[in-house]
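Engineer: 0 is the number of the first residue of the sequence shown in numbering that gives the first Met the number 0; add one for each residue after it.
Note that the Cβ used here is the ideal one computed from N, Cα and C, for glycine as well.
Supplied in structure tokens, the structure appears directly below.
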Amino acid sequence: MEGVAGALGPLFLLILLGALLGRLDQPGGDFWPRMERLIYFLLFPAMLLSTLAGADIHQVPVGRLALVLLGTMSLLGVALWIANRWLGLAAPAFTSVFQGALRFNTYVGVAGAAALHGEAGATVAAVAVALMVPVVNVLCVTSFVAAGTLGTGGLRASLAALARNPLILACLLGIALNLSGIGLPGWSAPTVELLGRAALPLGLVAVGVALRPQALLRLDLGVWAANLAKLVLMPALVLGFALVLRLDPVSRDIALLFAALPTATSAYILARQLGGDAELMAALITGQTLLAMASLPLWLRLVG
Numbered sequence: 000m001e002g003v004a005g006a007l008g009p010l011f012l013l014i015l016l017g018a019l020l021g022r023l024d025q026p027g028g029d030f031w032p033r034m035e036r037l038i039y040f041l042l043f044p045a046m047l048l049s050t051l052a053g054a055d056i057h058q059v060p061v062g063r064l065a066l067v068l069l070g071t072m073s074l075l076g077v078a079l080w081i082a083n084r085w086l087g088l089a090a091p092a093f094t095s096v097f098q099g100a101l102r103f104n105t106y107v108g109v110a111g112a113a114a115l116h117g118e119a120g121a122t123v124a125a126v127a128v129a130l131m132v133p134v135v136n137v138l139c140v141t142s143f144v145a146a147g148t149l150g151t152g153g154l155r156a157s158l159a160a161l162a163r164n165p166l167i168l169a170c171l172l173g174i175a176l177n178l179s180g181i182g183l184p185g186w187s188a189p190t191v192e193l194l195g196r197a198a199l200p201l202g203l204v205a206v207g208v209a210l211r212p213q214a215l216l217r218l219d220l221g222v223w224a225a226n227l228a229k230l231v232l233m234p235a236l237v238l239g240f241a242l243v244l245r246l247d248p249v250s251r252d253i254a255l256l257f258a259a260l261p262t263a264t265s266a267y268i269l270a271r272q273l274g275g276d277a278e279l280m281a282a283l284i285t286g287q288t289l290l291a292m293a294s295l296p297l298w299l300r301l302v303g
């Protein structure tokens, strides 16, 4: 347990530092919105590109990892639609619950993987991101369409944004460079690697800045349903599938880590733009991020 806590503790402290900076409104102005754009469009794609372009992907059981992560995500998505017949959530609230149950905080995941298993963990995490980001985006946009909160124009804009997603593009380019044997030539490799190193600490601080403590006052059925699905059901299913498919310890740990992550802060923006319940989404992001500080080490301790 001490090893897991030692790996994840500094990550959570960076998130709490961000929460403090946000509370104090430091450095002020629109610094953090601009920083988030820099992280999302440049630094984090650079980290994924550098990792995937030079990684030994053949050492990662990509097929079984995909079955575990994507199978669980799809199964839970279907289960949520069935469960809503009983929950009776309004369409906007359901789309936020759906996002809260399926989306994951990529910054925490990749940083945690590297802290737990070094370069091997970072490689598996980059593969997991390449597998999960396109699928989770398609599933969430589909949920808005099916719930009826999204018009035709919104659908076109969402699909166009999906095609331009910098994380997806970085993953595709990194895999292409890897499989082609080209890699990142010359000085581009250390340059992109240096850019990528800035992504995780800044990304974790930005996660904390985005937290909204006042949103924790909302404790309705949607909050309980999403938190149960995200922090309990998804990691339990992933762990079960990982054991059945006999994933190696590193891949198993990273799959469990990604399953138990809190939902992504970007889900709030999507909820606002596509007709979801933005206030519910803010409550889920803040609550899950704080709860995961306790639940993540516990889940990882099970396989430790």
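(1) When the Cα of Val61 is compared with those of Val137, Val249, Glu192, which residue comes out closest?
(2) Between the C-alpha atoms of Leu64 and Asp247, what's the straight-line distance to the nearest angstrom?
(3) Which of the three DSSP states is assigned to Phe103 in this structure?
(4) Would you decide whether Met0 is buried or exposed? Buried here means 16 or more other CB atoms lie within 10 Å of its CB.
(5) Compute the Euclidean distance between the alpha carbons of Gly295 and Ala259, then round it to the nearest angstrom.
(6) Under 7 Å between the Cβ atoms of Arg271 and Ala263?
(7) Between which residues of its own chain and Ser142 is the CB-CB distance below 7 Å, once the five residues before and five after are set aside?
(8) My understanding is that Thr190 touches Gly274, with C-beta atoms under 8 Å, so please give their C-beta distance in whole angstroms.
(9) Excluding the 5 residues flanking Ile14 on each side, which residues of the same chain have their C-beta closer than 7 Å to its C-beta?
(10) Any idea what DSSP makes of Gln272, helix, strand or coil?
(11) Within the same chain, show all residues whose beta-carbon is closer than 7 Å to that of Arg102, passing over the 5 residues directly before and after it, in chain order.
(12) Quick test of the definition: if touching needs 3 or more C-beta pairs under 8 Å, does the segment 161-173 touch the segment 38-51?
(13) Looking at the unbroken alpha helix (DSSP H) that takes in Ile38, where does it start and where does it end?
(14) Looking at the unbroken alpha helix (DSSP H) that takes in Ile81, where does it start and where does it end?
(15) Taking the alpha carbon of Leu69 as the point to measure from, which residue in Ile81, Gly286, Leu220, Val128 has its own alpha carbon closest?
(16) Is it true that the CB of Val237 sits closer than 7 Å to the CB of Val67?
(17) Reducing DSSP to helix, strand and coil, say where Trp223 ends up.
(18) With distances taken from CA atoms, which of Ser73, Val231, Pro9 is nearest Ala113?
(19) Which class does Arg245 belong to by DSSP, given the choice of helix, strand or coil?
Structural biologist: Working from what's here:
(1) Here the question's residue 61 lines up with position 62 in the sequence shown. Checked all of Val137, Val249, Glu192; the closest Cα to Val61 is Val249.
(2) Numbered from 1 along the sequence shown, position 65 holds the residue referred to as residue 64. Numbered from 1 along the sequence shown, position 248 holds the residue referred to as residue 247. Distance between the alpha carbons of Leu64 and Asp247 is about 10 Å.
(3) To locate residue 103, count along the sequence shown from 1; it is residue 104. Note: Phe103 maps to coil in three-state DSSP.
(4) Along the sequence shown, read from residue 1 onward, the residue named residue 0 stands at position 1. Low confidence applies to Met0: its pLDDT is 45, below 50, so where it sits in the model is not reliable, and the reading given next is rough at best. With fewer than 16 Cβ atoms within 10 Å of its Cβ, Met0 is classed as exposed.
(5) Here residue 295 refers to the residue found at position 296 when the sequence shown is read from its first residue. Here residue 259 refers to the residue found at position 260 when the sequence shown is read from its first residue. Per the sequence shown, residue 295 should be read as Leu rather than Gly. Each residue's Cα considered, the two are about 6 Å apart.
(6) Here residue 271 refers to the residue found at position 272 of the sequence shown. Here residue 263 refers to the residue found at position 264 of the sequence shown. No. Outside cutoff.
(7) Taking the first residue of the sequence shown as position 1, residue 142 is located at position 143. Taken in chain order, the residues that qualify are Thr94, Phe97.
(8) Here residue 190 refers to the residue found at position 191 when the sequence shown is read from its first residue. Here residue 274 refers to the residue found at position 275 when the sequence shown is read from its first residue. So it is not a contact: roughly 41 Å between Cβ atoms.
(9) Position 15 of the sequence shown, counted from the first residue, corresponds to residue 14. So the qualifying residues of the chain are Leu203, Val206, Gly207, Thr288.
(10) Mapped onto the sequence shown, residue 272 falls at position 273. In the three-state scheme derived from DSSP, where H, G and I count as helix and E and B as strand, Gln272 is classed as helix.
(11) For the purposes of this step, residue 102 is taken as the residue at position 103 of the sequence shown. Only Val135, Cys139, Thr262, Ala263, Ala266 meet the Cβ criterion.
(12) yes
(13) As a working note, residue 38 is residue 39 in the sequence shown. Ile38 -> no alpha helix (DSSP H), and no H or E assigned at all.
(14) By 1-based counting over the sequence shown, the position of residue 81 is 82. Here the alpha helix (DSSP H) through Ile81 covers 61-86.
(15) Mapped onto the sequence shown, residue 69 falls at position 70. That would be Val128, whose Cα lies nearest to the Cα of Leu69.
(16) Taking the first residue of the sequence shown as position 1, residue 67 is located at position 68. Taking the first residue of the sequence shown as position 1, residue 237 is located at position 238. Cβ distance < 7 Å, so Val67 and Val237 count as in contact.
(17) Residue numbering aside, residue 223 sits at position 224 when the sequence shown is read from its first letter. Here Trp223 sits in helix by DSSP.
(18) Stepping through the sequence shown from its first residue, residue 113 is reached at position 114. Relative to the Cα of Ala113, the nearest Cα in the group Ser73, Val231, Pro9 belongs to Pro9.
(19) Indexing the sequence shown from 1 puts residue 245 at position 246. Looking at Arg245 - three-state DSSP - the assignment turns out to be coil, as it is neither helix nor strand.
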